[in-house]
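Going by our numbering, the first residue of the sequence shown is number 116, and it counts up by one from there.
Beta carbons are placed, not taken as given, at the ideal position from N, Cα and C, and that holds for glycine.
First comes the structure, then the notes that go with it.
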Amino acid sequence: MNNKFWTYEDESVELTLNWAKERTVSGSDPKTTALSAKELRDKVGQTITEDGLGPKKALDIFDTLNKATRSADDPMNFAYIPCAPTKAAVAFDEVVSAANVFGGIWECGAGAIYAENQVVDWIKKNLCWPDEAIGTFVSGGTHGNLSALACARDNAKNKWKEEDRYPNGRPNDGYKLIISKDTHSSVKTIAKVLDVDVLVAETDKNGVMSGKTVEKLIKENEGVFAVVATTGTTNTGSIDHIESISKVCQKYDIWLHIDGAYGGAGILAPSVRDLYKGIENADSFIVDPHKWLFAPYDCCCLVYRSPKNVYNTFSQHAEYLEGVDHSQSNPSDMAIHLSRRTRGLPLWYSLVTYGSKKYTEAVELCIENAKKCAQAIKNTEHLELVMEPTLSIVVFKRKDWEIEDYASWSNDLALDGKLLCIPSSINGEIILRLAFLNPNTDIDKAINIIVDTTK
Ligand SMILES: *Cc1c(COP(=O)(O)O)cnc(C)c1O
């Protein structure tokens, strides 16, 4: 150790790693809840000062603030999309920080990027994609979707320029992206960022988009550069009809992007694998390991079936980057980022530790739990199942309840830490929604709470 400039080094390392260890082992308090900024200011005041407070006081303040956050890994948390990482993955996230690897280019991060690529290969294998497919890890589904669609647009631009279809490759009326009404909100924001228009394909009563409605839009519109199909919508877990959509995309030579941020992990589960048929022909795919692959936050795996045009789109060039060898597997050539944490490593470590079979079992268990819960709801007089679950999300209603009843029920359970379930809606109608992503959930206990407290 020759770092003389910073004081408190040993003490802060000791304190914070102990805190991290304790929290990792014990899990979190499900009763925790948000406070207003004013309440937090009253509790901790101004935290950054000219002379510093020292590591002990700083950590004490964080401990106070942390109590005003909601645990994402509690087994009774079914709100939004919970994050329930393995403890192995959580602990390894700290190793990633300690290793302090620049993960943007192979030359700096070779060993760590090799490990990340092992996970990419595992995902490629599950997609039945060719060896030439490439991928990397970005911060989340939003970032993954953005990079995939930026590449898709660049791809169309180059192709259309080559074909002399449009001068400069840009369609007269702009680029168009086909989505469905249940496509994730991030894609609509990405369309704004990329300045492309969105065409919304019709879906069936379960929110499933199919090749027929996609083809109709392609025929009616010029300049369609990509279709986004979702394998597991965030609200209900519905899966678009990938097989027919992929055929249409092949027929018209249009990029197919699969948003599997939540439900992409379902591809591991034999019980639902058929629903992903056609995915082998998609052009890009994302899955968030921080959702259903049991990794901590800040992790999306983004893969492209062909490396063609990927490097073209993303490689950055600068005087100081002239020496970068672009024939290597450089994550910075595959998405819109340069400096990056090797954020695929927590999943890699956990996968190496447990083996992939355990992951298949964990995903299947969540699907089984959802089925079991759906059945219990069907068997309960005062509840109504809104649709059969496709993956691990259950949507249901309490007969005769109004919006206020749902809100107060959800609030009461959250406050005493019993169970976290936030109301949502389908086509404007309020519903309750449970997302099962934690293999540690005691499903019988969860069902009992839901049935009893809604009486
Ligand atoms: C969560 C989600 C996203 C966005 O992912 P983030 O990691 O939150 O950025 C995109 N698509 C779908 C289907 C999702 O469920």
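query                                                                                                                                                            : result
Can you give me the C-alpha to C-alpha distance between Leu-466 and Tyr-474, rounded to a whole angstrom?                                                        : 8 Å
My parser needs the alpha helix (DSSP H) runs of 4 or more residues fully inside the stretch 206-239; what are they?                                             : none
Using the rule of at least 16 other Cβ atoms within 10 Å of the residue's Cβ for burial, across every protein chain shown, is Asp-448 buried or exposed?         : buried
How is Pro-538 classed by DSSP in three states: helix, strand or coil?                                                                                           : strand
If you run the structure through DSSP and keep just helix, strand and coil, what is Leu-500?                                                                     : strand
Round the Cβ separation of Leu-454 and Phe-217 to the nearest angstrom and send it over; I've been treating them as touching at under 8 Å.                       : In the sequence as displayed, the identity of residue 454 is Ser instead of Leu. At roughly 6 Å, the Cβ-Cβ gap stays under 8 Å, so Ser-454 and Phe-217 are in contact.
State whether the stretch 370-378 contacts the stretch 250-264, with contact taken as three or more CB pairs (one from each stretch) at a distance under 8 Å.    : yes
Pull up the CB-CB distance for Glu-231 and Thr-457, whole angstroms please, since I reckon it's below 8 Å.                                                       : 6 Å
For Asp-355, count neighbouring Cβ atoms within 10 angstroms of its own Cβ and tell me buried if that reaches 16, exposed if not.                                : buried
Compute the Euclidean distance between the alpha carbons of Gly-66 and Ser-359, then round it to the nearest angstrom.                                           : Since the first residue shown for the chain is 116 and the last is 570, residue 66 is missing from the structure and cannot be characterised.
Straight-line CA distance for Pro-145 to Tyr-521?                                                                                                                : 20 Å
Nearest-angstrom Cα distance between Asn-350 and Ile-333?                                                                                                        : 26 Å
For a test of your reading of the model: does the CB of Asn-104 fall under 7 Å from any non-hydrogen atom of ligand 1? Yes or no.                                : Nothing can be reported for residue 104: it is not among the residues displayed for the chain, which extend from 116 to 570.
Going by the beta-carbon positions, is the gap between Leu-390 and Thr-505 smaller than 8 Å?                                                                     : yes
Hey, would you say Ile-401 sits closer than 8 Å to Val-343, going by beta carbons?                                                                               : no
For Phe-340, which of helix, strand or coil comes out of DSSP?                                                                                                   : strand
Candidates Ile-562, Glu-129 and Thr-201: which alpha carbon is nearest Pro-170's?                                                                                : Glu-129
Pick helix, strand or coil for Lys-512, following the three-state DSSP scheme.                                                                                   : strand
DSSP three-state label for Ala-550, please.                                                                                                                      : strand
Quick check on DSSP: helix, strand or coil for Tyr-419?                                                                                                          : strand
Do you know offhand how far His-258's Cα is from Ser-186's?                                                                                                      : 24 Å
In three-state terms, what does DSSP make of Glu-330?                                                                                                            : helix
Rounded to the nearest angstrom, what separates Thr-328 and Tyr-290 at their Cα positions?                                                                       : 19 Å
What number of angstroms, rounded off, separates the C-alpha of Glu-544 from the C-alpha of Leu-132?                                                             : 47 Å
Classify Phe-207 as buried or exposed, calling it buried when 16 or more other Cβ atoms lie within 10 Å of its own Cβ.                                           : buried
For Thr-569, which residues of its own chain have a beta-carbon under 6 Å away from its beta-carbon, when the five flanking residues on both sides are left out? : Arg-513
Give me whichever residues DSSP pairs with Leu-314 in a beta bridge.                                                                                             : Ile-293
Is Ile-238 near ligand 1, in the sense that its beta carbon is under 7 Å from a heavy atom of that ligand?                                                       : no
Is Asp-374 near ligand 1 - that is, is its Cβ less than 7 Å away from at least one heavy atom of it?                                                             : yes
Is Thr-179 buried or exposed, if buried means 16 or more other CB atoms sit within 10 Å of its CB?                                                               : exposed
I need the straight-line Cα distance from Thr-318 to Thr-348, nearest angstrom please.                                                                           : 12 Å
Any heavy atom of ligand 1 within a distance shorter than 7 Å of the CB on Asp-403?                                                                              : yes
Distance check for Ala-135 and Val-302, CA to CA, integer angstroms please.                                                                                      : 35 Å
Comparing C-alpha positions only, which one of Gly-322, Asp-413 and Arg-268 sits nearest to Asn-542?                                                             : Gly-322
Hey, would you say the C-beta of Ile-196 is under 7 Å away from at least one heavy atom of ligand 1?                                                             : yes
Could you pull the start and end residues of the beta strand (DSSP E) that His-372 belongs to?                                                                   : 370-374
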